[in-house]
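A.B. asks:
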Amino acid sequence: MRDFGYQRAHDVSGAVALLGADPDARFLGGGTNLVDLMKTGVERPARLVDVRELPLDRIEVTEEGGLRIGATVTNSDLAAHPEVRRRYPALTQAVLAGASGQLRNMATVGGNLLQRTRCGYFADVTKPCNKRVPGSGCPAVEGEHRNHAVLGASEHCVATHPSDMAVALTAFDAVVSYETADGPGELPLTEFYLPVGDTPHLETALPAGALITGVTLPPAPVAAHSRYRKVRERASYAFAIGSLAAAMDVRDGVVRDVRLALGAVASRPWRAREAERLLTGGPADAEAFAAAADAELAAARPLPDNRYKVTLMRNLVVAVLTELAEEAAR
Amino acid sequence: MTTATRLTPSVGTAHSRVEGVDKVTGAARYAGEIPFAELAHGWLALSTVARGRIRSVEADGVLGMPGVLAVLYHGNAPRVDTDHVGLLGVKPEPTTALFQHDRVPHMGWPVALVVAETSEQAREAAEALVVTYEQEPHDVAFSGGRPDAYSVDSHMPGATEKGDLESELAASAVVVDAEYTTPEEHHNPMEPHAATAHWDGGRLEVVDSNQGSTWVAQELAALFSLEPSAVRVRSEHIGGGFGSKGVRAHQVAAVMAATALQRPVRVVLTRRQMFSLAGYRSPTAQRVRLGADADGRLRALEHRSLSVTSTVHEFVEPSSGPARVMYDADAHHTANEVVRLDVPTPTWMRAPGEAPGSFALESALDELAEKCGLDPIELRTRNEPEAGPVSGLPFSSRNLLACFQEGARRFGWADRDPRPGLRRDGRWLLGTGTAAASFGAGAAPSTAALTAEADGTFTVRITASDIGTGARTALTLIAADALEVAPDRVRVRIGDSDFGFAMIAGGSMGTRSWGWAIMAAAQELRERLALGGGIPSEGITVRSDTSAAVGALAQKERHSFGAQFAEVAVDVTTGEVRVRRMLGMFAAGRIVNPLTARSQFTGGMIWGISMALHEEAVRDRTSGGHVGADLAGYHVAAHADVPHIEADWVDDPDPDDPVGIKGIGEIGIVGAAAAIANAVWHATGVRHRNLPIRPDRVLLAAAAGTGARDA
Numbered sequence: 064m065r066d067f068g069y070q071r072a073h074d075v076s077g078a079v080a081l082l083g084a085d086p087d088a089r090f091l092g093g094g095t096n097l098v099d100l101m102k103t104g105v106e107r108p109a110r111l112v113d114v115r116e117l118p119l120d121r122i123e124v125t126e127e128g129g130l131r132i133g134a135t136v137t138n139s140d141l142a143a144h145p146e147v148r149r150r151y152p153a154l155t156q157a158v159l160a161g162a163s164g165q166l167r168n169m170a171t172v173g174g175n176l177l178q179r180t181r182c183g184y185f186a187d188v189t190k191p192c193n194k195r196v197p198g199s200g201c202p203a204v205e206g207e208h209r210n211h212a213v214l215g216a217s218e219h220c221v222a223t224h225p226s227d228m229a230v231a232l233t234a235f236d237a238v239v240s241y242e243t244a245d246g247p248g249e250l251p252l253t254e255f256y257l258p259v260g261d262t263p264h265l266e267t268a269l270p271a272g273a274l275i276t277g278v279t280l281p282p283a284p285v286a287a288h289s290r291y292r293k294v295r296e297r298a299s300y301a302f303a304i305g306s307l308a309a310a311m312d313v314r315d316g317v318v319r320d321v322r323l324a325l326g327a328v329a330s331r332p333w334r335a336r337e338a339e340r341l342l343t344g345g346p347a348d349a350e351a352f353a354a355a356a357d358a359e360l361a362a363a364r365p366l367p368d369n370r371y372k373v374t375l376m377r378n379l380v381v382a383v384l385t386e387l388a389e390e391a392a393r
Numbered sequence: 003m004t005t006a007t008r009l010t011p012s013v014g015t016a017h018s019r020v021e022g023v024d025k026v027t028g029a030a031r032y033a034g035e036i037p038f039a040e041l042a043h044g045w046l047a048l049s050t051v052a053r054g055r056i057r058s059v060e061a062d063g064v065l066g067m068p069g070v071l072a073v074l075y076h077g078n079a080p081r082v083d084t085d086h087v088g089l090l091g092v093k094p095e096p097t098t099a100l101f102q103h104d105r106v107p108h109m110g111w112p113v114a115l116v117v118a119e120t121s122e123q124a125r126e127a128a129e130a131l132v133v134t135y136e137q138e139p140h141d142v143a144f145s146g147g148r149p150d151a152y153s154v155d156s157h158m159p160g161a162t163e164k165g166d167l168e169s170e171l172a173a174s175a176v177v178v179d180a181e182y183t184t185p186e187e188h189h190n191p192m193e194p195h196a197a198t199a200h201w202d203g204g205r206l207e208v209v210d211s212n213q214g215s216t217w218v219a220q221e222l223a224a225l226f227s228l229e230p231s232a233v234r235v236r237s238e239h240i241g242g243g244f245g246s247k248g249v250r251a252h253q254v255a256a257v258m259a260a261t262a263l264q265r266p267v268r269v270v271l272t273r274r275q276m277f278s279l280a281g282y283r284s285p286t287a288q289r290v291r292l293g294a295d296a297d298g299r300l301r302a303l304e305h306r307s308l309s310v311t312s313t314v315h316e317f318v319e320p321s322s323g324p325a326r327v328m329y330d331a332d333a334h335h336t337a338n339e340v341v342r343l344d345v346p347t348p349t350w351m352r353a354p355g356e357a358p359g360s361f362a363l364e365s366a367l368d369e370l371a372e373k374c375g376l377d378p379i380e381l382r383t384r385n386e387p388e389a390g391p392v393s394g395l396p397f398s399s400r401n402l403l404a405c406f407q408e409g410a411r412r413f414g415w416a417d418r419d420p421r422p423g424l425r426r427d428g429r430w431l432l433g434t435g436t437a438a439a440s441f442g443a444g445a446a447p448s449t450a451a452l453t454a455e456a457d458g459t460f461t462v463r464i465t466a467s468d469i470g471t472g473a474r475t476a477l478t479l480i481a482a483d484a485l486e487v488a489p490d491r492v493r494v495r496i497g498d499s500d501f502g503f504a505m506i507a508g509g510s511m512g513t514r515s516w517g518w519a520i521m522a523a524a525q526e527l528r529e530r531l532a533l534g535g536g537i538p539s540e541g542i543t544v545r546s547d548t549s550a551a552v553g554a555l556a557q558k559e560r561h562s563f564g565a566q567f568a569e570v571a572v573d574v575t576t577g578e579v580r581v582r583r584m585l586g587m588f589a590a591g592r593i594v595n596p597l598t599a600r601s602q603f604t605g606g607m608i609w610g611i612s613m614a615l616h617e618e619a620v621r622d623r624t625s626g627g628h629v630g631a632d633l634a635g636y637h638v639a640a641h642a643d644v645p646h647i648e649a650d651w652v653d654d655p656d657p658d659d660p661v662g663i664k665g666i667g668e669i670g671i672v673g674a675a676a677a678i679a680n681a682v683w684h685a686t687g688v689r690h691r692n693l694p695i696r697p698d699r700v701l702l703a704a705a706a707g708t709g710a711r712d713a
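These protein sequence lines are chains A and B, in that order.
Just so we're aligned, residue 64 is where the first sequence starts under our numbering, counting upward by one.
Just so we're aligned, residue 3 is where the second sequence starts under our numbering, counting upward by one.
What follows is the structure in structure tokens.
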């Protein structure tokens, strides 16, 4: 094990200053992913700046009627918050579908967004991985890729983003706030994760040294009728093989508003804008749901062992939207 | 009613573990956490190629790193003697030939040990150690069609044959011919393998986590050419074994380093290292052919199983074994074959042979029942044999049908509509399935020492291993009854090779073998005490040895039996399969401690859920190594996957055992995966013959349409 330095920050500007421009330093939130990666040698930071004590642990209703969620809010507190449960139930469901109670008590919102892929090649330092060692190759393309990406991947990397929380946040147009030495900034979550291309090691658009300070959810009445469905081979404590955050407002059998984000199919939560566009203003029936799913999934480029994901996601979209439509009709 | 002084028997009543408080308070120390003065830490470096030769181990590059004391590898390690046969009648596990040559037979082969003052320093240096290889092409691709497969004898013959298979199949009104596969599976006990070795006054002492300290001591003595009395191995608490905790690379490495440095050295495996060094269950490819008359009576039974072994050791997973016990037919052919690949050596894993074999055989029986239009239990009833199908020997007892009858009653089997795909609960299709289970019931020679102490208590000393089963408690109850005292007057000391030779915790034979030795010692001690006279301060000690008594057991078919029942829910639009309830009824001899026995049965059944739905080690063909070799990548059932599970038993005392024990360690997993797979068929109408029954398999089978009834 490599020795590393540890410092605890007490305010945002202090945290940013402590990290500085040091490429071997990392912010430490709950540590539920970073510490694992340090144990396996994937991450070897020289210094950790602990941001867990920063005063960013509040969830507040914004003037517009959305929510501002601090970066150090734990996953457990996020899921339990009454305003989250009332306004964005799919977000609560997504968070509770992830990890375990113990991990959710530790994991933070900021850290959840920045967790790394669980690709088995990425996690094993004895194997090549373009994300870990740029240019070393991607053995998953020819090897084990049953749970890898079918959308937006490249020959250089087919890893998926593992977060459940981020899928729901993506559906609801979340905006990530951050702080740098040069001042604050914002990124919509849909632009937060970079396309894979030939640079899979570059994962986010965050400026170097930036600290995530929070996530803002704009008001979205449709989100009150939302659902997160996660499919996995065991009932708990596993990453998704496919997941869906969906919200839909149906009146008189017509889709007035719809939000769809797909999980475990790409290097980022996949906002299904094409499906949303096709559905909006159209009938709320299974045929329309299937057609919208097919249109979105037309861009899928599956590998031999993950073709099932295309069928799975189509089935999920139809099943969850049908449930939401039936509830709206009641 | 008048024998007021007679105690209620302890055997047969529930007792919590005698060491339970120690374990839940952390007072119980495990092998990797027992303190030693001057302790140094070894860390194994494993090969990163799957086949080849070591060209160089650049030890000089790490010897200057902080805390590093030594680097052992094939260029400087002491020689060990692996040309012997151990307690279990087999040659030593090949990784015990540690650092003896430059050949690399598989990915994850140990190539060096770095020893340092702290575990962290040793690990850092081991991971920095540069080892270069002459890499050679490897072959890790296992499949049923390998032309280089060959038959291997193990504790049972490789092949058995009677009758003309093809003509009986041709004469059969109904034929099932199906192939089944099970993947590479790993035991992964919660406590990783760990050993500390040190020399104490010319004697080698090893503190270990193992399934038999006699076994480990004898192996280490043979490997290092020491007098048997010069080695002492202790293993007091063990966090699970399941067949994986024998003599392996880490004990040998610790002894080598302790000898070289003349100070205590500890070597602990990481979870990831365990995937290469702790053994595993081979993948299997099995073909079952059944031919029956229209009434379901078998005319032909063929079960052929192929498993993998390494290039350096012959280990066979004898999956056709259950067919030799369960069902007879005029033509009855079985075979266990292996193919040698550039992979680690597989080993015994809970119910070796029976676990994967029962999946294939009991699934095939279910398919035959469907084809014959018979209830699966009725089919088994019609094929209940009078004697061992292959041996012709009588069964010591065979209470399989009693298990089915009582199990069917409790499970509500009589109400079952046999047609598949009819029951629905929201998005879930529901189905039920059943399967039979069997596992050999044996005993092996053991010794025990029993002391009547001056204070009126008794001390048992026996080299038993409590690998989490509750063996220490079971032996306490057996000794208490044998001595006609309350259990709190009996102290059982185990896990120390100085107590004399005894059977390992394995083969479902531990408690029976040890209990027998305790019964024999207790009988003699009571005779001694009956002579009168006081007990001296050092107590009165007698020793027993059951070699003659166990050797005199008549040849019979001796087995435990069971009936497994499962109800599952399947969402064919997502591929999710969830078990809703399970029931296991067992005929497994006299049950010593119902509390821990039930845990052992349900633990096996839960493992069956994992086997049916989750467990699968994935090997990357390009590198020849695993992908996701940890408990995040290798899934077992989580709490949420374990629904209502009931295990119980019918009265089945073994008349040839002094306590009536048969052994319960392994039978809980046998048949469980088949019961679940049969329930998945009942829910969906699709036969899943490849484990695990993954979502992608369920989904694609359903999406392929109603024409596809097999997956």
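Think of the CB as a built atom: it goes at the ideal place given N, C-alpha and C, for glycine as much as any other residue.
Taking the C-alpha atoms as reference points, what is the distance between A:T253 and B:A639?
C.D. replies: Distance between the alpha carbons of A:T253 and B:A639 is about 35 Å.
A.B. asks: Taking the alpha-carbon of B:E60 as reference, which of B:G34, B:A523, B:P645 and B:V113 has the nearest alpha-carbon?
C.D. replies: Ranking B:G34, B:A523, B:P645 and B:V113 by Cα distance to B:E60 puts B:V113 first.
A.B. asks: From this set, A:H144, A:L117 and A:E339, which residue's C-alpha is nearest A:H73's C-alpha?
C.D. replies: Residue A:L117 is the option with its Cα nearest to A:H73.
A.B. asks: Tell me which same chain residues have a C-beta within less than 6 Å of the C-beta of A:M228, skipping the five on either side of it?
C.D. replies: Answer for A:M228: A157, V158 and N175, listed in chain order.
A.B. asks: I'd like to know whether the C-beta atoms of A:G272 and A:L82 end up nearer to each other than 9 Å.
C.D. replies: Their beta carbons are under 9 Å apart, which means A:G272 touches A:L82 by this criterion.
A.B. asks: Looking at the C-beta of A:A186, does it have a partner C-beta in chain B at a distance below 9 Å?
C.D. replies: At least one chain B Cβ lies under 9 Å of A:A186.
A.B. asks: Please list, in chain order, the residues of the region 682 to 707 of chain B that have any C-beta partner in chain A closer than 8 Å.
C.D. replies: Taking 8 Å as the Cβ-Cβ cut-off against chain A, the residues of the region 682 to 707 of chain B that qualify are P694, R696, P697, D698, L701, L702 and A705.
A.B. asks: So, at 8 Å on beta carbons, what are the nonlocal neighbours of B:W217 in its own chain, with the 5 sequence-adjacent residues on each side left out?
C.D. replies: G88, L89, L90, G248, V249 and I506.
A.B. asks: Where do the N-terminal and C-terminal ends of the beta strand (DSSP E) with B:S612 fall, by residue?
C.D. replies: Note, B:S612: premise wrong, no beta strand (DSSP E); alpha helix (DSSP H) at P596 to L615.
A.B. asks: DSSP beta-bridge partners for B:W651?
C.D. replies: Looking at the DSSP assignment, B:W651 forms a beta bridge with B:F588.
A.B. asks: For B:G709 and chain A, any beta-carbon pair shorter than 9 Å?
C.D. replies: A caution first: B:G709 carries a pLDDT of 46, below 50, which makes its placement in the model unreliable, though a value can still be read off. No, no contact with chain A.
A.B. asks: What three-state label does DSSP hand B:H140 in the structure shown?
C.D. replies: B:H140: coil per DSSP, three-state reduction.
A.B. asks: Using a Cβ-Cβ cutoff of 7 Å, what residues of the region 186 to 205 of chain B are near chain A? List them in chain order.
C.D. replies: Residues passing the 7 Å Cβ filter: none.
A.B. asks: Can you give the Cα-Cα distance for B:L693 and B:A614, rounded to whole angstroms?
C.D. replies: Spanning the two alpha carbons is a distance of roughly 6 Å.
A.B. asks: Check B:H684 in the structure and name its three-state DSSP category.
C.D. replies: It is helical.
A.B. asks: Is the beta carbon of B:R301 closer than 9 Å to that of B:A333?
C.D. replies: Cβ atoms of B:A333 and B:R301: closer than 9 Å.
A.B. asks: If you draw a straight line from the C-alpha of A:E123 to the C-alpha of A:A143, how long is it?
C.D. replies: One C-alpha to the other measures close to 14 Å.
A.B. asks: Against chain A, which members of the region 598 to 621 of chain B pass a CB distance test of less than 8 Å?
C.D. replies: So the close ones are L615, H616 and V620.
A.B. asks: Could you please tell me which residues of the region 169 to 186 of chain B, in chain order, have their CB closer than 7 Å to any CB of chain A?
C.D. replies: Of all residues in the region 169 to 186 of chain B, none has a Cβ within less than 7 Å of some Cβ in chain A.
A.B. asks: Which residues does DSSP pair with B:Q566 in a beta bridge?
C.D. replies: Paired residue(s): B:A437 and B:G586.
A.B. asks: Could you work out which residues of chain A lie near B:D166, taking near to mean beta carbons separated by less than 7 Å?
C.D. replies: None at all; the shortest Cβ gap to chain A is about 42 Å.
A.B. asks: Output the distance between the C-alpha atoms of B:A710 and B:L701, rounded to the nearest integer angstrom.
C.D. replies: Low confidence applies here, because B:A710 scores a pLDDT of 49, under 50, leaving its location unreliable; read the following figure in that light. Near 12 Å, if we compare the C-alpha coordinates of B:L701 and B:A710.
A.B. asks: Would you grab the beta carbon distance between B:L370 and B:L381 for me? Rounded to a whole angstrom, and I think it's under 8 Å.
C.D. replies: With a Cβ gap of about 6 Å, B:L370 and B:L381 count as contacting.
A.B. asks: So is B:A681 buried or exposed if we call it buried at 16+ other beta carbons inside 10 Å?
C.D. replies: The residue is buried, with at least 16 neighbouring Cβ atoms inside 10 Å.
A.B. asks: The region 353 to 372 of chain A: which residues have C-beta closer than 7 Å to a C-beta of chain B, in chain order?
C.D. replies: Cβ contacts with chain B: Y371.
A.B. asks: Starting from A:M228 and walking both ways along the beta strand (DSSP E), at which residues does that stretch end?
C.D. replies: Run containing A:M228: none in the beta strand (DSSP E); it sits in the alpha helix (DSSP H), M228 to A234.
A.B. asks: Among A:P152, A:G345, A:A212 and A:A382, which one has its Cα closest to the Cα of A:L366?
C.D. replies: Closest option to A:L366, Cα to Cα, is A:A212.
A.B. asks: For B:P538, count neighbouring C-beta atoms within 10 Å of its own C-beta (all shown protein chains included) and say buried if the count is 16 or more, exposed if not.
C.D. replies: When all chains shown are included, B:P538 counts as exposed.
A.B. asks: Identify whether A:D140 lies in helix, strand or coil by the three-state DSSP scheme.
C.D. replies: Three-state DSSP puts A:D140 in a helix.
A.B. asks: Entirely within the region 40 to 127 of chain B and at least 4 residues each: give me those alpha helix (DSSP H) ranges in chain order.
C.D. replies: Runs of the alpha helix (DSSP H) inside the region 40 to 127 of chain B: 62 to 65.
A.B. asks: At a Cβ cut of 7 Å, what residues of the region 189 to 206 of chain A count as close to chain B, listed as they run along the chain?
C.D. replies: Taking 7 Å as the Cβ-Cβ cut-off against chain B, the residues of the region 189 to 206 of chain A that qualify are T189, K190, P202, E205 and G206.
A.B. asks: If you compare alpha carbons, which of B:C374, B:R283, B:L431 and B:L222 is closest to B:L292?
C.D. replies: Here the closest residue by C-alpha is B:C374.
A.B. asks: With a cut-off of 8 Å on the beta carbons, I'd call B:A589 and B:F563 a contact; round off their distance for me.
C.D. replies: B:A589 to B:F563, Cβ: 5 Å. Contact.
A.B. asks: Give me the residue from B:T465, B:A437, B:V492 and B:D468 with the minimum Cα distance to B:T459.
C.D. replies: Nearest C-alpha to B:T459: B:V492.
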